[in-house]
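These notes are about the structure you will find just below.
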Amino acid sequence: MANLTACSRTLLMPEIVRMICDEANTESFMYSIPPQNTLVSLARTSRMFSDPALDIIWREQDSLAPLVKCMPDTLWEEKIVRHGTNIHLRRPIISTDIPRLLFYSARIRKLHLYTYSRVGAVHRDFLKALDMCLLPGVLMPKLSDLKWSPEPEEAMAMSFIRHLLGPQSQKIDLDLEASAPALSFFPYMKASCPLVSDFRLVLPTDQLTIPVMSDVVCGWQRLQDLTIGNLDLNGFVHVAQLPDLKQLCLGPVADTHSPTHLPDFLVKPSFPALEGFELACDTAQFCVGIIKVVSSRQLKTLALHPLADWTALAWEEIITALHDCIDHKHLDRIEVEQQGERTPPIIATPFILTPATLRPLLKFNLSVIRFDLDPGVEVDDDFLAEIATEWPNLNWLSFGTENLTTRESKVTLNCLIPFARHCPRLASLCIRMDVSEVPVFDQMAGDRISHGLRELHVGASPIHAGHTTPVAAFLSNLFIGLQYIFSPDKAMLLEPFKTYETNWNRVMEMVPVFCSVRTQEEDFWTEELGGGEDSDEDDEQSNVSDDVDANSSTTL
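The numbering of the sequence shown is UniProt numbering, which starts it at 1 and goes up by one.
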């Protein structure tokens with residue numbers, strides 16, 4: 001009865017008008033019509049449509065230029081600069097210039113300020129003038145989502161940010177320079193934005209900025225998504241105990257700026273609601289320390305970015321900590337990628353990951369596994385067959401195809417067969433292989449593997465001209481939907497990598513042709529099987545008719 005009552009409720013006219021405006025906005029995107037055209041027409045239709053249409057037009061902005069242009073044209077002028085246009089101040093702002101500005105600015109809910117915008121940018125002197133003439137809290141009282149990455153010269157007008165922050169602020173994304181004047185607004189942000197749930201702050205990590213980052217984070221209790229460079233002891237303890245924190249991106253964390261034994265001060269259950277964790281740090285010990293204190297049973301994604309070379313023994317310690325401390329059912333995605341400029345180790349052996357190092361991960365049910373390291377990961381066909389069997393939901397596997405190495409690979413084309421059989425969702429496979437021998441794999445009528453793999457990244461896999469056709473035939477036989485084969489594509493490739501790239505490009509040219517033939521084969525098999533069944537049924541019916549006729553004759 002309650003549902004019937006709700007269904008029979010008559011919509012009020014403001015609700016109907018807003019629904020019409022929303023639909024006009026949606027259809028504009030569907031039919032590639034500039035949304036402002038339709039909505040502006042609606043706004044001019046009547047006063048009833050004016051406010052709802054203007055709310056949608058101004059809801060999301062990527063520049064302050066359209067807003068400033070609503071002020072009298074005697075106040076501003078456009079000047080062409082290298083990357084577009086800048087709006088400059090022509091005369092002092094007076095009180096009669098402001099009402100129209102506030103009429104539109106109060107409708108903005110999402111503001112992502114980019115240095116270069118298609119509609120231009122507002123010069124820093126104009127921002128300073130606006131800062132001086134406006135009262136706090138009147139410019140954008142509904143703004144909840146702010147993103148700003150000011151250029152160094154724009155940082156001189158950072159005081160203007162006070163007009164973009166307030167009690168309604170929920171998402172803040174800032175990319176700033178580490179200057180004392182520019183960072184001095186953080187106490188204001190901490191006090192005026194108590195409901196922040198998503199916060200991203202990109203700052204150079206040093207002794208000047210770490211206390212600033214920690215101080216502002218410690219003022220918020222509702223954080224759900226946090227991206228921060230580094231924290232001091234108080235900051236770590238506060239973040240670790242946040243009850244609703246689901247996403248944490250931390251780094252780069254340098255040893256000289258961080259506690260070295262995290263479990264020593266994170267003694268309570270930490271990160272109770274964490275679902276996604278990304279960490280960039282110098283030492284594996286710091287990474288292990290964080291993993292061991294995560295109490296959340298809902299961790300789904302883990303991304304690690306070593307800033308130095310970690311040995312295979314260090315990775316074994318990390319993977320063991322994951323196996324022992326993280327829930328096996330929920331962890332779905334592991335990505336490892338090195339960051340920062342570095343020199344590859346002279347002796348590679350201690351840094352190479354082997355199946356023995358990675359095998360504890362088989363207890364998880366992963367859909368994404370990525371280890372892009374130098375010197376990398378060395379696996380074999382048997383271990384990849386285990387992966388294909390244990391991870392049937394696998395969608396993306398990458399074992400370092402970016403490194404140009406001449407080391408012999410233990411992986412052959414045979415490794416692809418288990419993936420085709422057991423991983424129907426696999427869309428991207430990145431692995432270096434030895435393709436000198438092409439295995440024989442016959443597809444049987446009625447039992448054909450039809451796999452959806454779209455991308456195969458082969459890296460520096462060696463391939464000679466005489467093998468291109470057999471390899472293309474083999475790949476099309478396994479992966480009938482294969483669309484891309486990626487090999488290193490660099491302008492200054494040296495031999496033998498340049499020849500490998502040429503030969504893989506030739507394989508890529510042949511695969512679509514072979515896949516088309518495979519598709520026709522599959523259609524033919526389907527028709528043959530269907531026709532065969534019909535023929536058998538006809539034969540059976542004919543035999544039954546003959547028996548009936550014979551019995552009838554005997555009776556007579």
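Ideal Cβ placement from N, Cα and C applies to all residues, glycine included.
These figures come from a predicted structure and were not determined experimentally.
His88 places its beta carbon 8 Å or farther from that of Phe49. Inter-residue distance for Ser149 and Gln61 is about 15 Å (C-alpha atoms, whole angstroms). Cα atoms of Ala240 and Pro272: separation of roughly 8 Å, rounded to the nearest angstrom. Taking a cut-off of 8 Å for Cβ pairs, the region 130-143 and the region 157-173 touch, as three or more such pairs fall below it. A check of alpha carbon separations from Gln339 across Leu358, Phe364, Ile319 and Cys281 identifies Cys281 as the nearest. Note on geometry: alpha-carbon atoms of Leu313 and Ser398 lie some 21 Å from one another.
By a beta-carbon distance limit of 8 Å, Met510 contacts Ala472. Their separation comes to about 4 Å.
Annotation: Arg109 to Leu164 spans about 10 Å, alpha carbon to alpha carbon. Between Lys190 and Val212 the beta-carbon gap is near 10 Å, outside 8 Å, which marks them as no contact. By the CB criterion at 8 Å, Val196 and Ile172 fall inside the cutoff.
Residue ranges of uninterrupted beta strand (DSSP E) with 3 or more members, entirely inside the region 382-428 and ordered along the chain, are 396-398. The criterion of a C-beta distance shorter than 8 Å is not satisfied by Asp206 and Arg222.
By the criterion of a C-beta distance shorter than 8 Å, Arg124 is surrounded in its chain by Glu153, Glu154, Met156 and Ala157, once the five residues flanking it on both sides are discounted. In chain order, Glu386, Ile387, Glu390 and Trp391 place their CB closer than 8 Å to the CB of Leu362, counting only its own chain and leaving out the 5 sequence neighbours on each side.
The Cβ-Cβ distance between Glu316 and Thr349 does not fall below 8 Å.
Rounded to whole angstroms, the separation of the alpha carbons of Phe277 and Leu134 is 40 Å. The C-alpha of Asn86 lies about 6 Å from the C-alpha of Val122. For Val212, the uninterrupted alpha helix (DSSP H) segment begins and ends at Ile210 to Val217.
The DSSP-derived three-state label of Ser270 is strand.
With respect to Pro360, Ile319 sits close: the two C-beta atoms are nearer than 8 Å.
When DSSP states are grouped into helix, strand and coil, Ala106 belongs to the coil group.
Here the C-alpha atom of Arg454 lies approximately 8 Å from the C-alpha atom of Phe479.
Secondary structure note for Tyr188: its alpha helix (DSSP H) is the uninterrupted segment Phe186 to Ser192. Per DSSP, the unbroken beta strand (DSSP E) holding Lys79 starts and ends at Trp76 to Val81. Annotated three-state conformation of Asn234 is helix, per DSSP.
A straight line joining the alpha-carbon of Ser295 with that of Leu203 spans about 29 Å.
Every alpha helix (DSSP H) of 4 residues or more that sits fully in the region 449-481 is shown, in chain order, as 468-478. Check the Cα spacing between Val438 and each of Ile431, His467, Leu429 and His457: the tightest is with His467.
For Arg432, the closest alpha carbon among the candidates Pro418, Glu408 and Ala65 is that of Glu408. In this structure, Phe199 is the residue among Phe199, Thr301 and Ile93 with its C-alpha nearest to the C-alpha of Lys147. Going by C-alpha positions, Val379 is about 27 Å away from Gln443. Per DSSP, reduced to three states, the secondary structure at His163 is helical.
Just so you know, the alpha carbons of Leu39 and Leu111 end up roughly 20 Å apart. With contacts defined as CB atoms closer than 8 Å, Asp332 and Leu279 fail to qualify as a contacting pair.
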